[in-house]
Amino acid sequence: MVPLSTYQHLAPPPAERARSVLGRPNPVTVTTRDHAVHLDEPACHIHPNGSVSLLVPDRHLLLERIGRHTTAATVEFTDTAPVPLRDRTRSLLWISGTLTRLDHPTARLRALRVLREDPDERLLDIGHGRTMVALEPYLVVHSDTDGCHLLRTDEFVRARTDPFGRREGEWLRHLEEDHPDVLHAMAVRSPEPLPPGRPRPLGVDRYGITLRFEGPEGDVDARLPFSRPADTPHDVAAEVHGMAGLPHRCGP
Numbered sequence: 001m002v003p004l005s006t007y008q009h010l011a012p013p014p015a016e017r018a019r020s021v022l023g024r025p026n027p028v029t030v031t032t033r034d035h036a037v038h039l040d041e042p043a044c045h046i047h048p049n050g051s052v053s054l055l056v057p058d059r060h061l062l063l064e065r066i067g068r069h070t071t072a073a074t075v076e077f078t079d080t081a082p083v084p085l086r087d088r089t090r091s092l093l094w095i096s097g098t099l100t101r102l103d104h105p106t107a108r109l110r111a112l113r114v115l116r117e118d119p120d121e122r123l124l125d126i127g128h129g130r131t132m133v134a135l136e137p138y139l140v141v142h143s144d145t146d147g148c149h150l151l152r153t154d155e156f157v158r159a160r161t162d163p164f165g166r167r168e169g170e171w172l173r174h175l176e177e178d179h180p181d182v183l184h185a186m187a188v189r190s191p192e193p194l195p196p197g198r199p200r201p202l203g204v205d206r207y208g209i210t211l212r213f214e215g216p217e218g219d220v221d222a223r224l225p226f227s228r229p230a231d232t233p234h235d236v237a238a239e240v241h242g243m244a245g246l247p248h249r250c251g252p
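To convert, note that position 62 of the sequence shown is 62 in UniProt numbering; the numbers rise steadily by one, no gaps.
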């Protein structure tokens, strides 16, 4: 990807961007001392004590690798665009630490604490097809077009998760498939000149939307900021319609 600094506007800070990666359905690679194991979009949560949990299908190879012992590992989260782009990788998040397989009673107690703040129904699958693995981090690194950032574990834990992360894929696919005219209008009305070509929806967060332009010389990402941070899905829809010069009548 070839970032264009002219198009870099107000965006979530690195720790928030890293936290938000965990809230989206992304592929994961877990590397232990001798093996690398892949997981397809495991449910991930951060607990108040700083521990990161992954919900893994029962009988998954990773559970065999961990066994009943604590294992040192590096977990790589690949932040993947939800639309079919030439290069779908938006960022990478590496968390190094120790992995422990939790018994179901302990995992359910942890899940109850998470459910108070995050009503993720996948947590109800513990003991019914899923097992919780706890990752105790000691090193967190996030890399995207803005650079590579080494994050303190305390700032990573304190950072907020973007409120629209779990709905982002649905919204962007809707724009891509049903409203290419809106994307074109946003690009045409941009206060700054944007690259030629078809605008594709790359990402959205509470501060703005990012478009991808795929050209013969490489990919260029253009970030279009909202007039103010969005707090609700209605705010996001209103900002998108406003940037396209259209009246807002429905959600994103």
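For every residue, glycine included, the Cβ atom is placed at its ideal position computed from N, Cα and C.
The beta-bridge partner set that DSSP reports for Asp-219 consists of Glu-214. In this structure Asp-125 does not touch Ser-91 by the C-beta definition: roughly 28 Å separates them, more than the 8 Å allowed.
By the neighbour-count definition (other C-beta atoms within 10 Å, threshold 16), Tyr-138 is an exposed residue. Between His-60 and the set Phe-164, Arg-122, Met-132 and Val-75, the nearest pair of CA atoms involves Met-132. With respect to the C-alpha of Leu-54, the residue from Glu-64, Thr-71, Arg-68 and Val-75 having the closest C-alpha is Val-75.
The alpha carbon of Glu-16 has as its nearest neighbour, out of Phe-213, Arg-101 and Val-157, the alpha carbon of Val-157. From the listed residues Leu-115, Arg-24 and Leu-102, the smallest Cα separation to Ala-81 is found for Arg-24. Put simply, the stretch 45 to 54 does not touch the stretch 184 to 202. Fewer than three CB pairs are less than 8 Å apart. Scanning Phe-226, Leu-211 and Asp-162 for the CA closest to the CA of Asp-219 turns up Leu-211. 7 Å or more divides the Cβ of Asp-87 from the Cβ of Asn-26.
Assignment of Gly-169 by DSSP, reduced to helix, strand and coil, places it in the helix class. Under the criterion of beta carbons closer than 8 Å, Ala-11 and Gly-208 qualify as touching, at roughly 7 Å. Contact between Leu-135 and Leu-99 holds: CB atoms are separated by about 6 Å, below the 8 Å threshold. Judged by DSSP secondary structure, Ile-95 falls outside any alpha helix (DSSP H) and instead within the beta strand (DSSP E) spanning 89 to 101.
About 4 Å separates the CB atoms of Leu-172 and Pro-201; that is less than 8 Å, so the two are in contact. When His-69, Thr-106 and Gly-97 are compared, the shortest CA-CA separation from Val-140 is found for Gly-97. Pairing Arg-160 with Pro-216, the inter-Cα distance amounts to about 37 Å. Where His-234 is concerned, the enclosing alpha helix (DSSP H) starts and stops at 233 to 244.
Setting aside the 5 residues that flank it on each side, Ser-51 is surrounded in the same chain by Ala-134 and Glu-136, each with a C-beta closer than 6 Å to its C-beta; the list follows chain order. Scanning the stretch 52 to 82 from its first residue to its last, the whole beta strand (DSSP E) runs of 3-plus residues come out as 52 to 57 and 71 to 80. Judged by DSSP in its simplified three-state form, Pro-119 adopts coil rather than helix or strand. With respect to the 7 Å criterion, Pro-14 and His-149 are classified as neighbours on the basis of their beta carbons.
DSSP, reduced to helix, strand and coil, places Glu-16 within a helical segment of the structure shown. By the neighbour-count criterion, in which 16 or more other beta carbons inside 10 Å mark a residue as buried, His-241 falls on the buried side. Nearest to Asp-221 by alpha-carbon distance, out of Asp-231, Ala-187, Gly-165 and Val-236, is Ala-187. Rounded to the nearest whole angstrom, the CA to CA distance from His-184 to Thr-29 is 36 Å. Taking the CA atoms as reference points, Asp-58 sits about 5 Å from Arg-130.
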